[in-house]
Structure formats: structure tokens, C-alpha cells
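For reference, the structure is listed below as C-alpha cells.
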Amino acid sequence: IFLHVDFRMHAHLRLIMDEVFGEANFLNEIIWSYQTGGRARRFFSRKHDVILFYRKSRKYYFNLDSVPISRQDARRNHMKRHVDADGRVYRSIKSGGKIYTYYDDEPAFPGDVWDDVSHLQQKDPQRTGYDTQKPMRLLERIILSSSKPGDIVCDLFSGSGTTLEAAWRSGRRFIGTDLNAYALQTTRRRMAGASAVYTAPPCAGEPLAEAAVLPGIGFYDVRLEKYEVEPGVCARLFSGLDAVDNWSVGYLREGVFKAYAGDFRLRQKPALNALLQLPVLEGTPCLRVGDVLGRYFYYALDISQGE
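In our numbering, the protein residues as written are 129 to 435.
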């Protein structure tokens, strides 16, 4: 388990983790050092966070070889520089009567101070608008070193979904939870943008949704015309499709919905595309709506009736 903390809670959570997992199962206190704007004048600037690394028992997986870093980024200290007969640059140091040699073109491996992973800048394309978002490289290093392809990565405070996307791109399965509905919506959008393939069981929805279906050549034109939130759920009144955050069309097969086309609102694109094309395939045609309250509802489309 990896627990990210800052200077406010570090001491308290370290004691709690020792109590829960046992002091013997503590592995690392990783210092994530980064550069951000602003400098303190009355104390040293706070430019690092801490990541506590614990194991559950003596039987655990860890593979440092999966997270190499360039030796150009590693500290060379006072090691002497040489060039061998093949023109390869290497460094050497004598210690304990032995000579240790390190080639510049060979990978190095991170220690417990990570100063090669930058904090996300304000205009970084990774940014989703979530305040506490972490950089992808940080989560990739954690996931690749401590799990195997196909393993399940769980983030109980998923926030912007960085852990889940990093797990998906690394060939791991993932579970993400968060109490904040905005965080869940941010994660759903992010995973859709990452082209993650996922399925979800359908549920009977109470909001009223109306859609028109027009047959084409090899596809159907599906137009979402109305979505009404059920009374008593929200004090705000919505009109038209204002309550829709995202929607998609696809097919229900063996109890699982698979989307083939979809659209969602963005800060840069607040308007929702109300028309989607659904290819003609086998299965039960379905419509999925994600509303601004963070809920998802599924509706069967009656192609024969055009709705």
C-alpha cells in the first residue's frame, strides 16, 4: 500500500500505519520532491510530499527493474569519468578495495528520493481541473514496481482518476472509489478520453428519457431529445438536456452494456452533441445517460418504433 501525505498529516498517519500494518512491514518513506512557483520568506519553502510504502506481510511483490531511469538523471557525485575502447562513457569508484563501474548508457534505478517527477504545471495537458491531481509518471512508477500485468490496482480516493488511467495503460485492472460525485464524473470522463474499454451492468432508471431513432445504411441515427430528472431528487429545475453530463449508445449483450459512440460536456465544449450514430450490430440497442448528479441510467431502444 502507498499512502500520499503532506507535512500536516505525515507524523499522525505514520503512527496509524505502523499500528495497522505493523512497524516490521514498513518499507519506505519516499520523498517526492518537486518545483512549484512561490517562495517562502519566513521559513524554508515546502517543496516535497511524502509517500509511505507498506507491505501487508513478508510475502509481497516488488520489481525495481520495471522502473529504470536514465543514468543521466542519476547522481554521479565524485565518480571518475572514463571512455572505454568502444567509445562508451562510464564512471568508476573504488570502495572497500573493489572498483565499481557504471556505464552512462545503462539504466539506473530510483531510490527513496524522487526528484525526477515534476509536479503538474498549470497548463499541463494532463490537467483535468481537479486540484489534487498527481502526474501520470508518479503513479506509473508506483504501479509498475509493485504489481504485475492483470493485477488489480485499487485507489480508495481516486480523485481525478490518475491512478486508474495509469493502471489501465499499464495493463492492470482497477477499482476506484471516491465520496465526491465530481471526482467520479472527472474520472469517468478521463477514462473515456483514454479509450478505456469497460462494461457496467444495466439498472432500471427513474428519470424520463426520450430519444428518436432513424435507420441509415449500416447504422442508426440516435437523437437524445429529453431527459427529465425525477421529482424530489434535486431542488434545481432542468430543461431539455441541461441535466445530461454525458451520454452514449451501444448494445446490451449477456447482461453487459458496451458503448460504441458517446459525447460529454467539457469546459471548452459545454454544448452536448444530441445526435450519435450507432452501428447495426447484434444485441439489444441501449442508451446510457450520465447526469450532472453523478448517476448513470440505461434505457433499451426500440428500433422498430424508432424510439
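Note that beta-carbon positions come from the ideal geometry of N, C-alpha and C, so glycine has one too. Everything numeric in this text was worked out from a predicted model, so none of it was measured.
State the beta-bridge partners of residue i as determined by DSSP.
{"i": "Phe130", "result": "Phe181"}
{"i": "Asp193", "result": "Bridge partners of Asp193: none, in fact."}
{"i": "Thr229", "result": "Ser220"}
{"i": "Lys354", "result": "Glu338"}
{"i": "Trp296", "result": "Per DSSP, none; premise fails for Trp296."}
{"i": "Arg209", "result": "Arg219"}
For a test of the three-state rule: what should DSSP assign to residue i, helix, strand or coil?
{"i": "Thr412", "result": "strand"}
{"i": "Leu266", "result": "helix"}
{"i": "Val217", "result": "strand"}
{"i": "Ala139", "result": "helix"}
{"i": "Ile345", "result": "coil"}
{"i": "Ser161", "result": "strand"}
{"i": "Ser173", "result": "coil"}
{"i": "Arg317", "result": "helix"}
{"i": "Leu429", "result": "coil"}
{"i": "Asn401", "result": "coil"}
{"i": "Val241", "result": "strand"}
{"i": "Ala387", "result": "strand"}
{"i": "Tyr188", "result": "coil"}
{"i": "Ala310", "result": "Contrary to the premise, residue 310 reads as Tyr rather than Ala in this sequence. Three-state DSSP puts Tyr310 in a helix."}
{"i": "Asp259", "result": "coil"}
Exposed or buried, which one is residue i when buried takes at least 16 other CB atoms within 10 Å?
{"i": "Leu415", "result": "buried"}
{"i": "Ala371", "result": "buried"}
{"i": "Lys251", "result": "exposed"}
{"i": "Thr290", "result": "buried"}
{"i": "Thr412", "result": "exposed"}
{"i": "Glu268", "result": "buried"}
{"i": "Asp430", "result": "exposed"}
{"i": "Ala213", "result": "exposed"}
{"i": "Lys262", "result": "buried"}
So, are the CB atoms of residue i and residue j less than 8 Å apart?
{"i": "Leu180", "j": "Glu157", "result": "yes"}
{"i": "Arg351", "j": "Ala340", "result": "yes"}
{"i": "Arg318", "j": "Thr260", "result": "no"}
{"i": "Pro277", "j": "Arg300", "result": "yes"}
{"i": "Leu131", "j": "Leu141", "result": "yes"}
{"i": "Ala389", "j": "Ser376", "result": "yes"}
{"i": "His247", "j": "Thr314", "result": "no"}
{"i": "Leu394", "j": "Leu369", "result": "no"}
So, for residue i: in the same chain, excluding its five sequence neighbours on each side, which residues have a beta-carbon less than 7 Å away from its beta-carbon?
{"i": "Asp306", "result": "Phe285, Ser286, Gly287 and Leu312"}
CB-CB under 6 Å to residue i, same chain, minus the five flanking residues each way: which ones, in chain order?
{"i": "Tyr427", "result": "Ala337 and Leu415"}
{"i": "Asp134", "result": "Asp177"}
{"i": "Val195", "result": "Arg269, Leu272 and Ser273"}
Could one say the Cβ of residue i lies closer than 8 Å to chain C's Cβ atoms, at least one of them?
{"i": "Gly165", "result": "Absent here is chain C; the protein component of the structure consists of one chain."}
With a threshold of 8 Å on Cβ separation, who are the neighbours of residue i within its own chain once the five nearest residues in sequence on each side are excluded?
{"i": "Tyr199", "result": "According to the sequence shown, residue 199 is Arg rather than Tyr. Same-chain partners within the cutoff: Tyr230, Tyr231, Asp232, Asp233, Glu234, Pro235 and Ala236."}
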